[in-house]
Amino acid sequence: MAILDIHINDGFVPMVDGSLVYHRGFGDRRTALNEPNPALAISPRVITANGRVVVSRTYPLGAPVPPHGRPSPLRPDPAFPRQFLARQGYWASFFPPRTLIAESGSTIEIMLHNNLAQPHEMRFHRAGAGGADVGSGPVAPGKSKLLRFPAPLPGTYLYTDPGNQPVERTLGLYGALVVIDPRNAWRLAPGKAEFERQWLWLCHDVDSNWARIASKGQRVDPVATPAVPDYFTINGYSGFQSLALTTDTEFNSRRKEDTLPSGHPRETDVRNFSANPSAGAIRTGHLMRMLNAGIADHQLHYHGNHVWTVRANGIDFPRSNGRVSPQGDVVLQQWEDTIQLQPLERKEAMLPVRRPPEVIDQVWNARTEDWTYPMHCHAEPSQTARGGLYPGGLLADWVLAAQPVPDQGTPPTAAGSHHTFRSQVDFASDQPHEGSPETEFPLRPGVSLELDFFNRKFEFPDGSEHEMWSFEGNDFGRQIPGTTVRMQEGQLFQSTIKPSKRVHTVHWHGIEPDPRNDGVGHTSFEVTGHYTYQWRPDVAEAGNPNRGSAGTYFYHCHVNTPLHVQMGMFGAIVVDPAPNPAKPAPAGTRRHSFEGQLYDIATETMIAPYSIDPRWHELNHAAGLNGEDAGLNRFEPRHFFLLGGNIPNRPRGDDIVWAISQMRANVVRNGKYPTLVRMVNVDYFPTLTRITDAAGRPAKIAELVAHDGRPFWTTPSPTGPAVQPSVAGQPLLTNIIKSGAAEKFDFLLRPPAAGKYTISIDFLHWITSEVLATRTVTVTAA
Numbered sequence: 001m002a003i004l005d006i007h008i009n010d011g012f013v014p015m016v017d018g019s020l021v022y023h024r025g026f027g028d029r030r031t032a033l034n035e036p037n038p039a040l041a042i043s044p045r046v047i048t049a050n051g052r053v054v055v056s057r058t059y060p061l062g063a064p065v066p067p068h069g070r071p072s073p074l075r076p077d078p079a080f081p082r083q084f085l086a087r088q089g090y091w092a093s094f095f096p097p098r099t100l101i102a103e104s105g106s107t108i109e110i111m112l113h114n115n116l117a118q119p120h121e122m123r124f125h126r127a128g129a130g131g132a133d134v135g136s137g138p139v140a141p142g143k144s145k146l147l148r149f150p151a152p153l154p155g156t157y158l159y160t161d162p163g164n165q166p167v168e169r170t171l172g173l174y175g176a177l178v179v180i181d182p183r184n185a186w187r188l189a190p191g192k193a194e195f196e197r198q199w200l201w202l203c204h205d206v207d208s209n210w211a212r213i214a215s216k217g218q219r220v221d222p223v224a225t226p227a228v229p230d231y232f233t234i235n236g237y238s239g240f241q242s243l244a245l246t247t248d249t250e251f252n253s254r255r256k257e258d259t260l261p262s263g264h265p266r267e268t269d270v271r272n273f274s275a276n277p278s279a280g281a282i283r284t285g286h287l288m289r290m291l292n293a294g295i296a297d298h299q300l301h302y303h304g305n306h307v308w309t310v311r312a313n314g315i316d317f318p319r320s321n322g323r324v325s326p327q328g329d330v331v332l333q334q335w336e337d338t339i340q341l342q343p344l345e346r347k348e349a350m351l352p353v354r355r356p357p358e359v360i361d362q363v364w365n366a367r368t369e370d371w372t373y374p375m376h377c378h379a380e381p382s383q384t385a386r387g388g389l390y391p392g393g394l395l396a397d398w399v400l401a402a403q404p405v406p407d408q409g410t411p412p413t414a415a416g417s418h419h420t421f422r423s424q425v426d427f428a429s430d431q432p433h434e435g436s437p438e439t440e441f442p443l444r445p446g447v448s449l450e451l452d453f454f455n456r457k458f459e460f461p462d463g464s465e466h467e468m469w470s471f472e473g474n475d476f477g478r479q480i481p482g483t484t485v486r487m488q489e490g491q492l493f494q495s496t497i498k499p500s501k502r503v504h505t506v507h508w509h510g511i512e513p514d515p516r517n518d519g520v521g522h523t524s525f526e527v528t529g530h531y532t533y534q535w536r537p538d539v540a541e542a543g544n545p546n547r548g549s550a551g552t553y554f555y556h557c558h559v560n561t562p563l564h565v566q567m568g569m570f571g572a573i574v575v576d577p578a579p580n581p582a583k584p585a586p587a588g589t590r591r592h593s594f595e596g597q598l599y600d601i602a603t604e605t606m607i608a609p610y611s612i613d614p615r616w617h618e619l620n621h622a623a624g625l626n627g628e629d630a631g632l633n634r635f636e637p638r639h640f641f642l643l644g645g646n647i648p649n650r651p652r653g654d655d656i657v658w659a660i661s662q663m664r665a666n667v668v669r670n671g672k673y674p675t676l677v678r679m680v681n682v683d684y685f686p687t688l689t690r691i692t693d694a695a696g697r698p699a700k701i702a703e704l705v706a707h708d709g710r711p712f713w714t715t716p717s718p719t720g721p722a723v724q725p726s727v728a729g730q731p732l733l734t735n736i737i738k739s740g741a742a743e744k745f746d747f748l749l750r751p752p753a754a755g756k757y758t759i760s761i762d763f764l765h766w767i768t769s770e771v772l773a774t775r776t777v778t779v780t781a782a
């Protein structure tokens with residue numbers, strides 16, 4: 001039985017801006033503090049069931065390595081033009097540093113050597129019997145200790161030094177354990193989702209002030225010196241480094257292999273990711289293993305594709321009989337575009353790698369280049385480095401490949417990609433600008449909108465005044481939030497942006513067109529003159545959980561995003577279903593989705609939590625982009641609001657802050673239909689929504705029907721039609737809803753009787769979970 005030696009070392013690590021920051025870490029060998037390349041992150045190791053420890057970045061051992069990390073498909077899909085069939089059980093996957101891979105049935109034996117002047121330990125969270133932690137216990141300075149335990153169930157686990165929680169893991173003592181059943185090497189676990197290849201994302205936050213204190217041999221007191229992280233990493237890197245845009249080609253190649261998903265488009269079906277259309281081929285996606293070793297609440301937002309979440313913290317989500325936990329989490333397999341990862345959380349989801357559903361046919365059929373889409377944390381301060389340098393934080397890209405290339409060939413250049421950069425300052429200050437680019441294949445729109453930039457001071461409901469920027473559209477006037485955008489599935493949508501001042505874009509958050517119409521600078525362009533975005537909402541099919549886009553979204557500027565969204569450059573998007581001839585809606589009602597429940601049009605309501613840090617509203621358009629510390633990692637809100645109100649009666653005119661403090665809701669009886677609430681978290685911090693009755697008791701009157709613009713589904717049959725939970729007799733009733741930054745929840749209110757109810761929304765700090773403020777909506781049920 002081989003024993004793995006792991007050393008606890010310290011040293012200085014260059015951050016994305018070149019700053020050297022003190023770190024501690026679990027390394028392969030002993031190194032000294034001032035060595036230029038300290039061993040602070042073990043290279044990936046595979047612990048086999050027969051007792052070997054193998055140094056390998058890939059698993060399964062001996063499986064073919066995908067060229068540049070991108071699996072080549074088996075062949076074109078005969079049923080779907082311009083799409084491909086993936087090889088079944090063929091390609092190995094790459095893993096980043098800090099990863100241990102253990103086969104089921106193996107015994108993990110680690111000799112832990114503490115080379116530092118303080119006691120340290122190594123703990124594997126929830127990897128012991130019954131989900132308990134297992135670890136070495138404290139190891140004295142200069143001493144060693146053997147840690148031995150059997151590999152836990154297949155899944156993804158974190159290991160950290162839990163000392164002086166959370167200081168030691170923030171200083172760099174963290175990593176991941178992935179347990180795989182070698183007999184089911186291309187599945188999350190036996191009988192679970194099958195994948196083409198898998199990816200591991202380790203999120204982490206760096207507090208350089210804590211590091212400075214620790215570098216002097218002093219103990220960090222996290223109470224006396226609260227954490228203020230100023231660097232945010234994924235797999236140990238940030239910004240242009242994590243995007244593989246450096247001048248170091250070998251470094252870029254490794255990031256494309258272990259951090260930046262890439263694959264050819266394929267048809268997938270979330271009812272059965274293992275559907276086998278022919279021998280040796282499979283229609284499935286990529287497994288994303290996401291872990292938060294940091295101290296901040298992170299929100300991983302995927303552009304281009306929603307992901308289908310199947311597991312959280314080792315608990316497999318069911319396909320039916322879903323529920324809402326006492327903490328407000330939905331426990332059911334579901335579509336998400338923004339995945340909340342609280343500290344020490346871990347989740348697994350399937351990235352379908354499919355045709356973006358809102359791209360128009362003409363653009364798709366003309367595609368000859370790779371399409372690149374971002375994945376970034378939507379707790380926007382995490383997109384900075386040293387208080388600025390957007391996009392310099394926790395982000396990655398994923399690539400929808402065009403034509404297959406030879407196994408040893410060079411992947412084609414992604415459409416809209418940058419050249420390489422010598423520094424993050426160069427990257428942040430050199431996003432591609434276009435004056436007035438042409439819309440490709442412009443068509444006759446079903447819905448059109450002009451969005452004009454404006455800035456002015458607004459008075460908010462608490463009497464405070466703040467300089468705001470936003471978009472004025474059509475006849476709504478200059479308001480906060482911007483114009484509400486509404487359309488039906490299948491309608492061609494066009495919106496012309498006219499920045500008028502500096503550069504801006506519009507990103508249609510949760511809508512998934514081609515990169516040119518996705519509104520992100522580093523994957524397309526920023527607009528200086530005008531540009532007309534064009535896309536078509538996906539159309540639902542009966543019983544098919546993979547199709548349809550009816551739901552709630554929002555749009556926002558994606559230029560220097562932390563600042564521009566906080567300044568007010570956002571608004572809501574509502575996509576209605578196309579009429580369903582099989583289920584016509586009575587007068588005065590509408591279905592939430594094609595097969596969804598009916599709701600009362602007159603009482604439809606929007607609620608959007610939003611807070612303001614006054615200091616940010618005194619900054620200029622490009623604050624922090626040239627490397628100065630603009631403090632954009634320090635979001636310290638002082639004013640808290642619930643934007644929104646009754647959607648059909650939104651006021652028109654200038655200088656209006658559309659805000660809500662009371663609303664109506666129907667008691668479902670005598671021909672009345674329920675009230676629909678569309679809740680969009682446009683804040684940067686998480687929120688907790690609680691619903692109580694007139695006596696202050698919890699009231700389970702919210703029926704969750706959708707998340708991130710997609711209905712909840714029960715999918716118990718791999719081939720039969722899916723149905724929504726209420727149709728299955730399994731409604732997701734709750735009195736509490738947990739939401740992170742940029743998440744969207746749609747729910748029907750079902751008060752049992754007339755009277756008063758209260759929707760209370762707590763704004764929580766993204767690190768401490770402290771309740772910063774509570775704002776309420778009084779609900780009058782009648």
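With the UniProt record's numbering, the residue at position 726 of the sequence shown is 726, and numbering never jumps. Heads up, the beta-carbon is just placed ideally off N, CA and C, and yes, glycines get one too.
Inset, instruction - Please list the segments of the alpha helix (DSSP H) lying wholly inside the stretch 357–408, counting only runs of 4 or more residues, in order along the chain. - result: 361–365
Legend entry - Nearest-angstrom Cα separation, counted from TYR553 out to GLY709: 6 Å
Inset, instruction - Pull up the distance between the alpha-carbon of THR99 and that of ILE42, whole angstroms please. - result: 7 Å
Inset, instruction - With a threshold of 16 other CB atoms inside 10 Å of the CB of ILE3, please say whether the residue is buried or exposed. - result: exposed
Legend entry - CA nearest to the CA of HIS7, picked from LEU449, ARG30, GLY653: ARG30
Legend entry - Residue nearest to VAL425 in terms of C-alpha spacing, selected from PRO356, TRP371, GLN362, GLY239: GLY239
Inset, instruction - Helix, strand or coil for GLN424, going by three-state DSSP, please let me know. - result: helix
Inset, instruction - Would you check if the stretch 548–567 and the stretch 615–623 touch, i.e. whether three or more CB-CB distances between them fall below 8 Å? - result: yes
Inset, instruction - To the nearest angstrom, report how far apart SER19 and LEU344 are at their CA atoms. - result: 27 Å
Inset, instruction - Reducing DSSP to helix, strand and coil, say where LEU33 ends up. - result: coil
Inset, instruction - On a CA-only basis, which of GLN494, SER106, PRO261, ALA728 is nearest ALA396? Give me that one, please. - result: PRO261
Inset, instruction - Identify every run of the alpha helix (DSSP H) within the UniProt domain "Plastocyanin-like" (464–578), keeping only runs that are complete inside it and at least 4 residues long; order them along the chain. - result: 561–566
Legend entry - Contact set for GLY519: own chain, Cβ-Cβ below 6 Å, skip 5 residues either direction: THR505, VAL506, HIS507, HIS558
Inset, instruction - Report the residue from LEU676, THR719, HIS707, ARG669 whose alpha carbon sits nearest the alpha carbon of ALA754. - result: ARG669
Legend entry - Environment of ARG678 [buried if 16+ CB atoms lie within 10 Å]: buried
Legend entry - Spatial distance of VAL21 from ARG212 (CA atoms): 7 Å
Inset, instruction - Classify ALA695 as buried or exposed, calling it buried when 16 or more other Cβ atoms lie within 10 Å of its own Cβ. - result: exposed
Inset, instruction - Report back the beta-carbon spacing between ASP629 and GLY387 to the nearest angstrom; my notes put them in contact at under 8 Å. - result: 4 Å
Legend entry - Of the listed residues LEU202, TRP335, GLU336, ASP655, nearest to THR483 (C-alpha basis): ASP655
Inset, instruction - Leaving aside the five residues before and after GLN408 along the sequence, list all residues of the same chain whose C-beta is less than 8 Å from its C-beta, in chain order. - result: Residue placement at GLN408 is flagged as unreliable, the pLDDT there being 49, under the threshold of 50; the coordinate-derived value follows with that caveat. Contacts found: PRO67.
Legend entry - Per DSSP, cross-strand counterpart(s) of THR714: VAL723
Inset, instruction - Establish whether the CB of ALA741 and some CB of chain D are separated by less than 8 Å. - result: The structure shown contains no chain D; it is built from a single protein chain.
Inset, instruction - Return helix, strand or coil for CYS67, following the three-state DSSP convention. - result: According to the sequence displayed, residue 67 carries Pro and not Cys. Three-state DSSP puts PRO67 in a helix.
Inset, instruction - Use the C-beta contact count for ALA587: other C-beta atoms within 10 angstroms, 16 or more gives buried, fewer gives exposed. - result: exposed
Legend entry - Within 8 Å, strictly: CB atoms of VAL680 and LYS744: yes
Legend entry - Residue from SER436, SER72, GLU472 whose Cα sits closest to the Cα of ALA281: SER72
Legend entry - Beta carbon of GLU512 nearer than 8 Å to that of PRO374: no
Legend entry - Backbone CA spacing between GLU438 and THR532 [nearest angstrom]: 8 Å
Inset, instruction - Check whether the stretch 257–277 touches the stretch 157–168, counting contact only when three or more Cβ pairs, one atom from each stretch, lie closer than 8 Å. - result: no
Legend entry - Residue environment, ARG591, which counts as buried when at least 16 other CB atoms sit within 10 Å: buried
Legend entry - Cα-Cα separation, PRO96 to ARG289: 12 Å
Inset, instruction - Return helix, strand or coil for TRP201, following the three-state DSSP convention. - result: strand
Legend entry - Where GLU336 falls: helix, strand or coil (DSSP): strand
Inset, instruction - Out of ASN37, HIS621, VAL55, PRO182, state which residue places its alpha-carbon closest to the alpha-carbon of TYR90. - result: PRO182
Inset, instruction - Using three-state DSSP, classify GLU618 as helix, strand or coil. - result: helix
Legend entry - 8 Å CB neighbourhood of ALA623 in its chain, flanking five on each side removed: GLY388, ASN560, LEU563, ALA630, LEU632
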